[in-house]
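Okay, so here's the structure we're looking at.
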Amino acid sequence: MKVRRFSLQATEEGYSFPGINLVLSHARSLKVFGLLWTIPSLDEFKHLRVVDFGGFSNLGDDHLANIGRLFQLRYLNLSWTRACELPEEIGHLSCLEMLDLTATGVSELPSSIVNLEKLVHLLIGEFVKFPEGGIGKMQALETLKQVRAFKQPIQFLQDFGKLQNLWKLNIDLTNDQEDTEDTKECMKAIASSLYDIKKNNLRSLTIWNYDYSLLMEEWCPTPVGLQKLTTWRSTFPRVPDWMGSLVNLQQLRFDLERVRYEDLCILGGLPALLTLSLPGLGIKMIFEAGSMPKLEKLRIDFTPATNEYLFSTGGLTGSGPFDFGIENLPSSLTTVVCECKSFDGDCTLEATRAALERAVSTHPSRPALDFNIY
């Protein structure tokens with residue numbers, strides 16, 4: 001029997017491919033996941049366009065033998081597997097458009113990876129190292145994540161800014177090294193490449209563990225095409241002025257030490273913003289009328305210190321000034337999410353919830369309140 005799409009799944013450890021009479025040479029897609037021990041050799045396939053091993057826990061490097069012969073392959077998913085090394089022949093897959101190496105044991109990409117000039121999406125683990133040079137050849141790349149910048153060769157850091165079609169970048173700037181001339185050179189190369197990328201088609205930027213001083217500087221030209229900006233494990237003293245020019249920004253997650261009135265003025269003027277997440281709540285955070293005219297989802301954070309202040313001033317009991325100005329947000333608002341940090345003996349949680357319910361009830365659209373304690 002000729003097979004076009006072939007899928008194998010096992011929910012119990014030790015199951016093996018039975019080897020029944022199937023002609024696999026014409027199959028276009030192969031999907032394997034679960035607890036299988038043995039699977040068909042890739043040598044049995046001639047015309048595969050999709051290979052999905054995502055979640056196949058027993059995948060080993062031997063299963064990838066001769067993968068370079070699959071010249072029509074467009075999609076290769078090795079995420080959440082035990083794969084530790086990509087064969088050099090991966091560079092022969094001239095039609096490959098998607099490569100997912102998330103949560104694998106792969107620590108270094110072969111030098112031939114830069115020959116994948118049709119690759120559009122490259123997803124890697126945070127400890128994966130790129131080859132020294134050649135990233136600039138991969139001009140089809142639109143998505144690149146998650147790059148651990150200070151693990152990369154200096155040539156890569158200087159060259160990834162040449163990716164003119166890159167629209168989604170996820171970069172981790174964790175630096176475990178001492179502040180040496182080498183680290184300064186790396187940071188200079190990163191800043192230069194980010195400058196080049198944002199001039200082109202960048203639409204989504206996610207930054208981990210960022211040195212906020214770089215982002216606080218004036219970005220010229222401002223990446224006005226940016227639609228999503230996310231920061232993680234990076235706390236900023238204020239919203240930079242240039243952020244007010246992001247007229248196409250739809251999603252924003254931005255850690256602030258304390259939200260100030262000036263910050264809300266900048267954010268409130270973003271005409272396309274749909275989702276706003278502000279970890280780092282200011283006690284006097286009040287949205288003014290007309291703020292963020294298209295906002296649909298708002299996330300705010302409470303800490304025990306904020307709870308205690310509001311409770312002491314009567315804000316949580318209803319007798320004091322608890323006012324976010326939520327009623328001033330647009331009618332498009334559908335959800336308010338509150339992440340409330342707790343600690344032993346905290347007696348303000350229910351009061352916080354009740355106060356937020358009162359605040360949300362003042363909004364004409366009565367948005368849903370999602371109150372989470374962690």
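The sequence shown begins at 1 in UniProt numbering and counts up by one.
From the three backbone atoms N, C-alpha and C, an ideal C-beta is built for every residue, glycine too.
Since the model is a prediction, treat every value here as computed from it, not as a measurement.
Residue i in three-state terms, based on DSSP
i: PHE33; result: strand
i: GLU89; result: helix
i: MET138; result: coil
i: GLU296; result: coil
i: LYS188; result: helix
i: GLN251; result: strand
i: VAL239; result: coil
i: CYS265; result: helix
i: ASN115; result: helix
i: TYR75; result: strand
i: VAL336; result: strand
i: ALA368; result: strand
i: THR222; result: coil
i: SER107; result: coil
i: HIS63; result: helix
i: LYS46; result: coil
i: GLN146; result: strand
i: ILE286; result: coil
i: ASP52; result: strand
i: ASN170; result: strand
i: LEU123; result: strand
i: PHE160; result: helix
i: LYS151; result: helix
i: SER193; result: helix
i: THR352; result: helix
i: ASP100; result: strand
i: SER94; result: coil
i: LYS199; result: coil
i: SER319; result: Confidence in SER319 is poor, its pLDDT being 44 and thus under 50, which makes the residue's placement unreliable; the coordinate value appears in the next sentence. SER319: coil per DSSP, three-state reduction.
Close beta carbons around residue i, own chain, < 8 angstroms, minus the five adjacent residues each side
i: LEU329; result: PHE287, SER291, MET292, LEU295, LEU298 and HIS363
i: SER112; result: GLU88, GLU89, ILE90, GLY91 and HIS92
Residue i, buried or exposed, once every other Cβ within 10 Å from all chains shown has been counted against 16
i: HIS63; result: buried
i: PRO367; result: buried
i: CYS265; result: exposed
i: ALA289; result: exposed
i: ARG74; result: buried
i: VAL106; result: buried
i: VAL32; result: buried
i: ASP301; result: buried
i: VAL114; result: buried
i: VAL128; result: buried
i: SER193; result: buried
i: LYS198; result: buried
i: GLU357; result: exposed
i: ILE67; result: buried
Short Cβ contact (7 angstroms threshold) for residue i with residue j
i: LEU256; j: LEU276; result: no
i: THR206; j: ASN170; result: yes
i: GLU126; j: ARG148; result: yes
i: ASN209; j: LEU157; result: no
i: ARG28; j: ARG49; result: yes
i: HIS47; j: GLN72; result: yes
i: LYS151; j: LEU123; result: no
i: ASN372; j: GLU350; result: no
i: GLU88; j: PRO110; result: yes
i: residue 406; j: LEU96; result: This structure cannot settle anything about residue 406, because the visible part of the chain is limited to 1 through 374.
i: LEU24; j: VAL51; result: no
i: ASP263; j: ARG238; result: yes
i: ASP61; j: GLU85; result: yes
i: THR143; j: LYS168; result: yes
Residues near residue i by beta carbon distance below 6 angstroms, same chain, minus five either side
i: GLU327; result: THR362 and HIS363
i: THR81; result: PHE53, PHE56, LEU59 and THR104
i: MET98; result: TYR75 and HIS121
i: ALA359; result: PHE324 and ILE326
i: TYR261; result: none
i: VAL337; result: ARG299 and ASP370
i: GLY136; result: ASP159 and LYS162
i: GLU181; result: none
i: THR334; result: GLU296 and PRO367
i: PHE254; result: THR231
i: PRO153; result: GLU132
Any non-hydrogen atom of the ligand FMN closer than 6 angstroms to residue i Cβ
i: VAL106; result: Judged by which ligands are present, the structure shown has none, so any question about the ligand FMN falls away.
Residues of its chain near residue i, where Cβ-Cβ distance is below 7 angstroms and the 5 sequence neighbours each way are ignored
i: LEU226; result: LEU202, ARG203, LEU205, LEU246, ASN248 and LEU249
i: ALA273; result: Looking at the sequence itself, residue 273 is Leu, so the reference to Ala does not match. Only LEU249, GLN250, LEU252, MET292, LYS294 and LEU295 meet the Cβ criterion.
i: GLU44; result: LEU24 and SER25
i: SER319; result: At SER319, the pLDDT of 44 sits below 50, so the modelled position is not reliable and the matter cannot be decided from this model.
i: SER332; result: LYS294, LEU295 and GLU296
Checklist entry - Touch check for the segment 158 to 168 and the segment 235 to 255: three-plus C-beta pairs under 8 angstroms? => result Flag = no, the segment 158 to 168 and the segment 235 to 255 do not touch.
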